[in-house]
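At the far end of the sequence shown sits residue 287, using the numbering used here, and the numbering has no gaps.
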Amino acid sequence: MTNSTTNTATNTATNTVTNTAAATYPALAGRTAVVTGAASGMGAATARLLAANGAAVALLARREDRLKALADEIVEAGGRAVAVAVDVTDQASVDAAAARVRTELGRADLLVNNAGVMLPNPIEDGRIDEWARMIDTNVTGALRVIRAFTADLLAAAADGGAADLVDISSIGAHVTFPNYAVYGATKAALSHLSASLRTELGPRDVRVTNIEPGLTDTELGTHIDNAALSGELDGMFDALGPLAATDVADLIAYATSRPRHVNLRQLVVLPTRQA
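Structural data, given as structure tokens:
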């Protein structure tokens, strides 16, 4: 169970307050980043931190109103950002978003594949609607975005610059939880995809980083329509204490600001109390 909470008050605070104690990463200055799922949670926190360190940031998600508010916030703070509404389950939408990013910000050299959904339920419930949505967003959606920006990353690397693909997976990729089978399967697919793409892109100097967070305070838990499972998740938050979205954002910024020849390929981050 990753990247989720029903604590909307905490989530709102995480999404609207810049972490002034965050480390600085001067190597990110001048880069052009694309962040999917940027309307809230880890995506929004990552966009803020990258922009605060001098990267131009394209904010991609479905909720355009939130994206525009975040873009305005970043610009008012002296950064550069553009809000681009996109549906990662629609290739035409993704391609149009990529074209707009190139027009407004230029070639991307940092892609954070963060968009995702978590919809747990017992397998015997046969929720094909949820299975299809998770697969199309968490796996095929990530592939659509990769398809749209791989040429940019390869060109940036060929020109001698840093180029990064960061996939946000979950500890659910390798730790099993009852009633989260399909969600875990989608994240396992994403982690395996990252490992495989490293063999293709690494020799061409594009770094691929797979990040698997544990219990993290974002809004994904609000999507759960099973009251019992939602309550169990709340209990875990009370017992363990989650990571903040800014903690994961800081890890992304750290990984992508390393020297060009250094690839942090696989990162697992957990709250200290989570086994």
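Ideal placement from N, C-alpha and C gives every residue a C-beta, glycine not left out.
Put simply, the region 200 to 219 touches the region 272 to 284. At least three CB pairs are less than 8 Å apart.
Contact annotation: the region 112 to 119 does not touch the region 51 to 67, with fewer than three C-beta pairs closer than 8 Å. The continuous beta strand (DSSP E) containing Arg92 extends over residues 92 to 97.
Restricting attention to Pro225, Thr284, Pro132, Val106, the CA atom closest to the CA of Ala261 is found in Pro225. Look at Thr234 here: in three-state DSSP terms it is helix. C-alpha of Tyr195 to C-alpha of Gly247: approximately 20 Å in a straight line. In the three-state DSSP reduction, Ala68 falls in the strand class (E or B).
Annotation: the region 204 to 268 contains the following complete segments of the alpha helix (DSSP H) (minimum length 4 residues), in chain order: 239 to 252, 257 to 268. Cβ-Cβ distances below 8 Å link Arg285 to Ala251, Leu252, Gly253 in the same chain, with the five nearest sequence neighbours on each side left out; the list follows chain order. Bounds of the beta strand (DSSP E) holding Ile180 are 176 to 180. With distances taken between CA atoms, Arg43 lies nearest to Leu165 out of Asp77, Trp143, Ala127, Leu165. With 16 or more other Cβ atoms inside 10 Å of its own Cβ, Glu142 counts as buried. Bounds of the alpha helix (DSSP H) holding Ala109 are 103 to 117. Less than 8 Å separates the beta-carbon of Asp179 from that of Leu202. Burial is judged here by how many other beta carbons sit within 10 angstroms of a residue's own beta carbon; Ile140 has fewer than 16 and is exposed. Cβ atoms of Gly128 and Asn150 come within 8 Å of each other, at about 5 Å. Contact between Val47 and Ala59 holds, since their C-beta atoms are separated by about 5 Å, short of 8 Å.
Within its own chain, the residues whose Cβ lies closer than 7 Å to the Cβ of Ala169, once the five positions on either side in sequence are excluded, are Ala175, Arg216, Asp217, Val218, listed in chain order. For the pair Gly153 and Thr101, the CB atoms are nearer than the 8 Å cut-off. Residues of the same chain with a CB within less than 7 Å of the CB of Ala167, apart from the 5 flanking positions on each side, are Arg119 in chain order. Runs of the beta strand (DSSP E) lying entirely within the region 110 to 161 and spanning at least 3 residues, in chain order: 122 to 125.
When secondary structure is reduced to three states using DSSP, Val87 falls in the helix class. For Leu241, the closest C-alpha among the options Glu85, Asn133, Arg156 is that of Asn133. By alpha-carbon distance to Ile86, the top candidate from Asp148, Ala70, Thr188 is Ala70. Membership of Gln278 in the beta strand (DSSP E) is indicated by the continuous run 278 to 281.
In the DSSP assignment, Thr48 falls within the unbroken beta strand (DSSP E) covering 44 to 48.
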